[in-house]
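The structure appears below as structure tokens.
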Amino acid sequence: MPASVPARGLGRGDEQTASRAVAARSGVTVLIAEDEELMRSFASRVLAEAGYAVVVAGDGVEALELLRERLDVVDLVLTDLDMPGMTGRELLQRVRELAPGLPVLLMSGYTSDGVDAEIAAAAPAAFIAKPFASGALTARVAELLASAGA
72 MPASVPARGL GRGDEQTASR AVAARSGVTV LIAEDEELMR SFASRVLAEA
122 GYAVVVAGDG VEALELLRER LDVVDLVLTD LDMPGMTGRE LLQRVRELAP
172 GLPVLLMSGY TSDGVDAEIA AAAPAAFIAK PFASGALTAR VAELLASAGA
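Counting along the sequence shown from 1, when you hit position 124 you're at 195 in the working numbering, and nothing is skipped either side.
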């Protein structure tokens with residue numbers, strides 16, 4: 072997995088811009104559903120360092136339970152497509168039933184072939200291919216939240 076690389080050589084204005092960006096994300100909660108511990112830890116750390124509150128689940132069933140308990144605070148769901156038990160596709164379907172406008176970011180080590188139509192039908196939703204760099208994840212999350220008006 073690519074590691075988060077700290078920014079170097081930030082000037083005073085850059086530091087203030089970065090501080091404002093993190094402050095804008097405070098209060099935004101991302102629910103992560105990922106069965107692989109390494110990927111779950113990486114995504115959690117990256118998003119937390121970017122200023123997001125993070126709730127983690129080891130599979131789709133746990134994620135759905137957590138979403139039901141915290142529906143009023145979860146702003147985005149980040150889920151792996153291929154998990155045992157309840158897959159990311161099934162979780163996406165359940166999220167749409169529970170909270171139709173909640174943004175969902177699907178991730179997979181496989182290509183997005185066949186997923187694009189599902190994403191289009193389940194908007195607001197998007198796809199990110201694994202492995203990804205920390206900056207790619209935070210950018211994708213920010214884009215999806217912005218497009219959903221969150």
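We put the beta carbon where it would ideally sit given N, CA and C, even for glycine. The model shown is predicted, which means the values in this text are computed figures rather than measured ones.
Which residues in the same chain have their Cβ closer than 8 Å to the Cβ of Asp130, if we skip the five residues on either side of it in sequence? Start at 1 with the first residue of the sequence shown, and residue 130 comes out as number 59. In its chain, beyond the 5 residues on either side, Ala104, Asp106, Met154, Pro155, Gly156, Met157 have a beta carbon closer than 8 Å to the beta carbon of Asp130.
Suppose you measure from the CA of Val125 to the CA of Glu168; what does that come to, to the nearest Å? Mapped onto the sequence shown, residue 125 falls at position 54. Mapped onto the sequence shown, residue 168 falls at position 97. Using only the alpha carbons, I get a separation of about 22 Å.
Cutoff 8 Å; reference Val101; Cβ partners in own chain excluding five residues on either side: If you number the sequence shown from 1, residue 101 lands on position 30. The answer, listed in chain order, is Leu118, Tyr123, Ala124, Val125, Val126, Val145, Asp146, Leu147, Val148, Leu149, Val212.
Which runs of the beta strand (DSSP E) at least 3 residues long sit entirely within the stretch 127-173? Give them in chain order. The qualifying runs are 145-151.
DSSP three-state assignment for Ala213, whether helix, strand or coil: Taking the sequence shown and counting its residues from 1, the one referred to as residue 213 is at position 142. Three-state DSSP puts Ala213 in a helix.
Helix, strand or coil, according to DSSP, for Gly82 in the structure here? Mapped onto the sequence shown, residue 82 falls at position 11. Caution applies to Gly82, whose pLDDT of 39 falls short of 50 and renders its modelled position unreliable; the model cannot decide the point.
Indicate whether Pro195 and Gly159 have their beta-carbon atoms separated by less than 8 Å. Against the sequence shown, residue 195 aligns to sequence position 124. Against the sequence shown, residue 159 aligns to sequence position 88. Pro195 is not a Cβ neighbour of Gly159, given a cutoff of 8 Å.
Arg215 and Ala200: beta carbons closer than 8 Å? Taking the sequence shown and counting its residues from 1, one reaches residue 215 at position 144. Taking the sequence shown and counting its residues from 1, one reaches residue 200 at position 129. A quick correction: the sequence has Leu, not Arg, at residue 215. Between Leu215 and Ala200, the C-beta spacing is not below 8 Å.
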